[in-house]
Structures are given as structure tokens and as C-alpha cells.
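Peer 1: Sharing a structure with you now.
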Amino acid sequence: MIRKRKTNQTLTDSKLEPFFITVDDYCFTVKERVTPDSDHFKSSGKVKVYEKSLSYLPSLGAALSKIAELKAGIGDFNSIDEYLKNYETIKNEIKEYTHELRSII
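For the sequence shown, our numbering begins at 22 and goes up steadily by one.
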């Protein structure tokens, strides 16, 4: 039996920016919204925002963990402890937010 494929759903939230999640019949895809630098030497002066797929994951929880990992890696760190603290903070913020949503539903 052939199933008609559903359209993708997009999950966006300001807490996840610049990342977001798309969902299809097979997986959760973590994507990033990228705005190129208009001052780049190859730029024609026009700025076109595009989406960059970063990871394909089996569950929403895995997708949220991946976003926490990606957000934690933004910036410079002087030690592994500083990076891990930043990662745990972001991960806990996302976890608390999703638990709040579940309690509302």
C-alpha cells in the first residue's frame, strides 16, 4: 500500500533561534536560518536568507538536545567547564520550557 506523503511541519520558537525544527513522516530535522553577510566580496549586495539542514534525528527530544548542543557552541570559551556550564544552562532552559508546555496541554 502506498501512503501519500504529508507536508512538512515547522516548529519555531524564539528560545531556539537561529535554529528550528521541521517534521516529516520519517524524522525531525534541525535547521538553521542563515543570513549571508552583504559585505562579503562575492555578494551582489542582495541579502537572501536561507535554511541550512544540520541534523536528522528520530525524536523531538533528540532534536531539542541537538539544538542545545549547537547553541552552547556559539561563542568562545576559556575552559571545558565554561562550555559545559553553558550547555547545561541552555539544555535546562529548553527542558523547563517543554515541561511547561506539556503541563498546559
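Just so it is clear, CB atoms sit at the ideal spot from N, CA and C, and this is done for glycine as well.
(1) Would you identify the three-state DSSP class for residue 31, choosing helix, strand or coil?
(2) Is it true that the CB of residue 95 sits closer than 8 angstroms to the CB of residue 37?
(3) Would you kindly report the start and end of the unbroken beta strand (DSSP E) that includes residue 88?
(4) Quick check on residue 72: does DSSP put it in helix, strand or coil?
(5) Classify residue 56 as buried or exposed, calling it buried when 16 or more other Cβ atoms lie within 10 Å of its own Cβ.
(6) Spatial neighbours of residue 85 within its chain, please: C-beta separation below 6 angstroms, excluding the five flanking residues on both sides.
(7) To which residues does DSSP link residue 53 through a beta bridge?
(8) Tell me whether residue 52 is buried or exposed, calling it buried when 16 or more other Cβ atoms sit within 10 Å of its Cβ.
(9) Measuring straight from C-alpha to C-alpha, what distance separates residue 108 and residue 68?
Peer 2: To lay it out plainly:
(1) When DSSP states are grouped into helix, strand and coil, residue 31 belongs to the strand group.
(2) no
(3) First-last for residue 88: 81 to 93, but that is the alpha helix (DSSP H), not the beta strand (DSSP E).
(4) Residue 72: strand per DSSP, three-state reduction.
(5) exposed
(6) The residues are 115.
(7) 40, 73
(8) buried
(9) 31 angstroms
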